[in-house]
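Below you'll find the structure, written out as structure tokens, and then a few comments.
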Amino acid sequence: MIEGYFNYWVVIILMMMGFYIVISDSNLIKKIIGLNIFQTSVFVLFISMSKVKGGTAPILTDEASVYSNPLPHVLILTAIVVGVSTTALGLALVAKIHRAYGTVDETLIHGQDDIQDET
Amino acid sequence: MDIATIVNFSLLTLMILIVVVLIRLQSLLAIALSSGIYSLLSAGLFVTMDAVDVAFTEAAVGAGITTVLLLGAIAVTGRKQTVSRHGRFLPLAVITITGAALIYGTLDMPPFGDPGAPIHTHVAPHYLTQSAEEIGIPNVVTSVLASYRGYDTLGEVIVIFTAAVGVLLLLGRTTGSGRK
Numbered sequence: 381m382i383e384g385y386f387n388y389w390v391v392i393i394l395m396m397m398g399f400y401i402v403i404s405d406s407n408l409i410k411k412i413i414g415l416n417i418f419q420t421s422v423f424v425l426f427i428s429m430s431k432v433k434g435g436t437a438p439i440l441t442d443e444a445s446v447y448s449n450p451l452p453h454v455l456i457l458t459a460i461v462v463g464v465s466t467t468a469l470g471l472a473l474v475a476k477i478h479r480a481y482g483t484v485d486e487t488l489i490h491g492q493d494d495i496q497d498e499t
Numbered sequence: 149m150d151i152a153t154i155v156n157f158s159l160l161t162l163m164i165l166i167v168v169v170l171i172r173l174q175s176l177l178a179i180a181l182s183s184g185i186y187s188l189l190s191a192g193l194f195v196t197m198d199a200v201d202v203a204f205t206e207a208a209v210g211a212g213i214t215t216v217l218l219l220g221a222i223a224v225t226g227r228k229q230t231v232s233r234h235g236r237f238l239p240l241a242v243i244t245i246t247g248a249a250l251i252y253g254t255l256d257m258p259p260f261g262d263p264g265a266p267i268h269t270h271v272a273p274h275y276l277t278q279s280a281e282e283i284g285i286p287n288v289v290t291s292v293l294a295s296y297r298g299y300d301t302l303g304e305v306i307v308i309f310t311a312a313v314g315v316l317l318l319l320g321r322t323t324g325s326g327r328k
């Protein structure tokens with residue numbers, strides 16, 4: 381039971397810790413790191429599903445007959461690259477916000493917005 | 149327990165430890181570096197789960213480029229984190245409920261490594277048995293990525309291009325004309 385589901389449960393714990401960083405921390409860069417943690421844990425979930433017991437990497441040879449499933453690997457290869465693209469875009473937005481507000485702290489940004497609304 | 153299972157268990161445990169440390173850290177520089185370690189550990193985990201292509205992409209792109217991007221962003225915005233957290237109770241309640249629901253969901257999934265899981269019996273055998281003849285590349289991941297799903301990979305390139313254009317539009321213009 382534990383061996384069969386350990387991967388999935390650890391993935392969920394990692395996912396929730398990433399989610400916790402996103403919703404509890406007010407620093408925008410740390411939020412993006414939280415999103416990255418969440419994202420990598422999803423990759424681990426997919427690769428865990430593709431594993432076949434006793435299988436080997438899906439590179440065809442005469443010596444092996446059992447291979448792990450290659451399809452989730454392809455999907456996750458695409459997802460890793462797309463993930464880096466979104467991270468780069470998110471960090472560019474953070475740099476732009478820093479230029480406009482002088483801070484990357486969500487609470488301070490909201491504070492400046494409130495002051496601007498009053499005047 | 150065989151050696152692969154032990155490596156699997158210890159890598160997953162190390163990943164949890166790294167994230168716990170990361171949540172408690174205050175210095176953004178240390179946080180960025182530990183997220184790089186986290187990515188590298190996940191790359192090691194991918195090797196033990198037979199996903200070698202994913203592992204080297206994650207090590208190069210996830211642990212490498214993402215960390216460089218984070219360090220660049222920290223260099224621009226300053227490495228001191230102002231300490232102002234939101235309340236802790238509400239986020240903890242949200243993740244506990246979500247996590248419990250997700251763990252309940254995993255109980256319906258086939259156990260780890262089960263060869264009879266639906267994911268392994270549907271279309272995957274076709275690629276494993278036919279791709280050597282149809283495409284002629286021994287690495288099945290490469291033949292699916294570059295041939296069967298070539299259009300998907302083209303779409304991926306478009307995503308990268310769009311992101312690069314977005315980053316340049318966000319950062320490029322003001323450095324050129326806005327500098328005092």
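Chains A and B are the protein sequences, given in the same order.
Residues in the first sequence are numbered consecutively from 381, following this note's numbering.
Residues in the second sequence are numbered consecutively from 149, following this note's numbering.
The C-beta atom is built at its ideal place from N, Cα and C for all residues, glycine as well.
Please read these numbers as outputs of a predicted model, since none were measured by experiment.
1. Alpha carbon to alpha carbon, how far is Asn156 (chain B) from Ala475 (chain A)? Give it in angstroms, no decimals.
2. Express the C-alpha separation of Glu304 (chain B) and Lys328 (chain B) in angstroms, rounding to a whole number.
3. Could you give the first and the last residue of the continuous alpha helix (DSSP H) run that contains Thr458 (chain A)?
4. Do the segment 407-424 of chain A and the segment 177-189 of chain B make contact, defined as three or more Cβ pairs closer than 8 Å?
5. Checking contacts by CB at 8 Å: is Phe418 (chain A) closer than that to chain B?
6. Mapping the DSSP letters down to three states, classify Val391 (chain A) as helix, strand or coil.
7. Within 10 angstroms of its Cβ, does Gln492 (chain A) collect 16 or more other Cβ (buried), or is it exposed?
8. State whether the segment 437-454 of chain A contacts the segment 161-168 of chain B, with contact taken as three or more CB pairs (one from each stretch) at a distance under 8 Å.
9. In chain B, which residues lie less than 7 Å from Ile489 (chain A) when you measure between Cβ atoms?
10. In chain order, which beta strand (DSSP E) runs of at least 3 residues are fully inside the segment 170-213 of chain B?
11. If I measure Cβ to Cβ from Ser428 (chain A) and keep anything under 8 Å in the same chain, skipping five residues before and after, which residues do I get?
12. Between Val288 (chain B) and Tyr275 (chain B), is the Cβ-Cβ spacing less than 8 Å?
13. Are the Cβ atoms of Ala265 (chain B) and Thr196 (chain B) separated by less than 8 Å?
14. For Gln278 (chain B), count the other beta carbons within 10 Å of its own beta carbon; 16 or more makes it buried, fewer makes it exposed. Which is it?
In short, the structure shows the following:
1. 38 Å
2. Low confidence applies here, because Lys328 (chain B) scores a pLDDT of 38, under 50, leaving its location unreliable; read the following figure in that light. Lys328 (chain B) and Glu304 (chain B): Cα-Cα distance of roughly 38 Å.
3. 450-481
4. yes
5. no
6. helix
7. exposed
8. no
9. None at all; the shortest Cβ gap to chain B is about 11 Å.
10. none
11. Asn387, Tyr388, Val391
12. yes
13. no
14. exposed
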